[in-house]
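In the working numbering, the protein residues as written are -13 to 140. Cβ coordinates follow ideal geometry from the N, Cα and C atoms, glycine included. Everything below concerns the one structure shown next.
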């Protein structure tokens, strides 16, 4: 269901043909970069967290790591990732396929400042072996972020 929802979302936008599905996994940043033939920094890594207010996803540059101090300053609580078995129900996508599109109702999307370092990004597309290329402007347009944030380590 996850991939189909993402594909339908991008069919409406007229860019579903950009979705690439691979025989090999793209679940990790390194795997995705190798399959796509791009730098790890260009992968749009989408991370899912549980907040008291509900689940959120944050898209960060592929090589970025979350700073617990910055996360707590931004969200006023500790970073608690959604566990892999809970991802489909809470977020709408399985582990390795989490992306900021076609999410469960109420999931807020945040874009981290680190993604501004790359002209094109490659987020997952609802499967652990699917991704698509988006410009930064397109990522912002199609992910409909609640807001920008800065939660990665410097």
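{"query": "Beta-carbon proximity list for residue 27, same chain, < 8 Å, skipping 5 on both sides", "result": "47, 48, 49, 103, 104"}
{"query": "Limits of the beta strand (DSSP E) - the one that residue 36 falls within", "result": "29 to 37"}
{"query": "Extent of the continuous alpha helix (DSSP H) run through residue 76", "result": "73 to 76"}
{"query": "DSSP-derived helix/strand/coil call for residue 121", "result": "strand"}
{"query": "C-alpha gap between residue 99 and residue 44, whole angstroms", "result": "10 Å"}
{"query": "Stretch-stretch touch, CB-based, cutoff 8 Å, three pairs: the segment 72 to 84 with the segment 111 to 120", "result": "yes"}
{"query": "Contacting residues, own chain, Cβ-Cβ under 7 Å from residue 65 (five flanking each side not counted)", "result": "35, 52, 54, 57"}
{"query": "Residue burial classification, residue 132 (beta-carbon count within 10 angstroms, cutoff 16)", "result": "exposed"}
{"query": "C-alpha gap between residue 60 and residue 94, whole angstroms", "result": "14 Å"}
{"query": "Range covered by the beta strand (DSSP E) that runs through residue 107", "result": "106 to 109"}
{"query": "Run of the alpha helix (DSSP H) containing residue 47, from where it starts to where it stops", "result": "Here residue 47 belongs to no alpha helix (DSSP H); instead the beta strand (DSSP E) covers 40 to 47."}
{"query": "DSSP three-state assignment for residue 22, whether helix, strand or coil", "result": "helix"}
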